[in-house]
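**Student:** Structure incoming, see below.
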Amino acid sequence: MVCNLFSRWICGKRFNLKRRRPALPWRGNQRSELLEDRTVPATITVTTFADVVNPADGKISLREAISQANATPAVDNIVLKAGIYSIEQIGADENGNATGDFDITRPVIITGAGDGKTIIDGDDLDRVFDIEYDGEDTVTVSFVSLTIRNGLAGDGSGGGIRADVDDDGTVNVALLNASVRDNIATDVGGGIANFQGSVTLTNSFVSGNLSGSSGGGIFVDEGNVTLTTSVVSGNTAGTGGHERRRGSDANGGGIAVIGGSVLLTGAPQGAATVKGASSVIDNVAADEGGGIWTTDEGTVTVEKLSSVRDNTARAYAPQVVAII
């Protein structure tokens with residue numbers, strides 16, 4: 001799995017990605033100006049699988065729906081029917097959602113028809129979602145009942161999802177009945193990277209992702225990771241047949257957290273959720289913490305029959321490590 005994943009990186013696929021960026025310019029156009037005053041959440045239904053921007057065709061693509069949601073302060077719900085939505089616009093080093101990864105700048109909910117039924121595919125062209133919030137509030141971007149796969153952050157972080165802020169705000173990433181799988185980042189966070197906020201998984205999976213540095217599945221800086229009846233499995237940090245960057249660490253094959261905590265739990269009592277508990281299993285780190293790695297100010301809590309097991313670290317602490 002690892003070699004097959006990373007062969008996508010060494011085959012020279014076209015990509016153009018960034019890790020952290022300067023202050024974001026205002027992204028507006030005549031269409032968004034008309035939407036700017038709307039504060040009531042809207043449901044935006046995507047009506048084509050094609051990755052196009054054509055206001056005259058009478059259809060709404062996922063890219064167009066995200067641009068509409070970016071243009072308003074309301075927390076819109078983008079609805080996708082079953083099928084595959086692939087990135088088809090090769091990245092042109094811009095952050096305005098015109099090409100490459102889907103750029104999200106406002107809180108939004110993206111809802112599919114089911115994990116494995118609605119698939120958003122990076123097609124090895126770019127990471128899949130890039131969340132760039134430039135406000136001062138705490139906002140949440142939610143992915144519900146869908147699969148995010150085959151993202152490639154060829155010179156950056158967060159192969160499936162990357163979240164960052166350019167001000168004092170916080171972006172929380174939430175997955176519900178969803179999966180992030182088979183993504184690659186040459187830096188941190190093969191599946192998900194969040195640089196100022198938390199990651200919450202409920203009845204969800206992060207699996208088969210690969211990072212060149214820490215956090216094969218999930219990397220979080222200044223936030224927490226919470227798993228409820230969820231699984232982080234088969235992810236790899238820092239191995240895969242390539243030469244790691246000089247001085248880089250590759251900790252936390254499953255999860256790596258700086259300045260935050262990790263909680264694994266089962267379903268709340270009485271909740272109508274999938275039966276079972278959470279697990280971090282079969283992950284690999286080239287350095288420390290095959291399952292979970294965190295700095296010493298954080299904590300790792302495993303409760304309600306959850307488990308961290310069968311992970312591997314090439315240096316030490318195959319399951320969990322907290323460093324000073």
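Per the working numbering, residue 1 is the first one in the sequence shown, and the count goes up by one each step.
Note that beta-carbon positions come from the ideal geometry of N, C-alpha and C, so glycine has one too.
1. Go to N177, then tell me how far its beta strand (DSSP E) extends in each direction, as first and last residue.
2. Grouping DSSP H, G and I as helix and E and B as strand, with all else coil, what is N311?
3. Would you report the Cα separation of D115 and V262, rounded to the nearest angstrom?
4. Taking the alpha-carbon of K304 as reference, which of A317, P318, A277 and W293 has the nearest alpha-carbon?
5. Would T229 pass as a contact of V257 if the rule is Cβ separation under 8 Å?
6. Would you give the residue range spanned by the beta strand (DSSP E) that N194 belongs to?
7. Helix, strand or coil for E222? Go by DSSP, reduced to three states.
8. Between the Cα of A153 and the Cα atoms of V320, I78, G260 and L125, which residue gives the shortest distance?
9. Hey, D187 and S207: beta-carbon distance below 8 Å or not?
10. Between the Cα of G215 and those of D101, V199 and I78, spot the shortest distance and give me the residue it belongs to.
11. Quick check on the DSSP output: the beta strand (DSSP E) that includes R149 runs from which residue to which?
12. So, with DSSP's three-state summary, where would you put S279?
13. Round the Cβ separation of I60 and T48 to the nearest angstrom and send it over; I've been treating them as touching at under 8 Å.
**Tutor:** Checking against the coordinates, here is how it stands:
1. Taken as a continuous stretch (DSSP letters only), N177 belongs to no beta strand (DSSP E), as it is neither H nor E.
2. coil
3. 24 Å
4. A277
5. no
6. I192 to N194
7. coil
8. L125
9. no
10. V199
11. T147 to R149
12. strand
13. 7 Å
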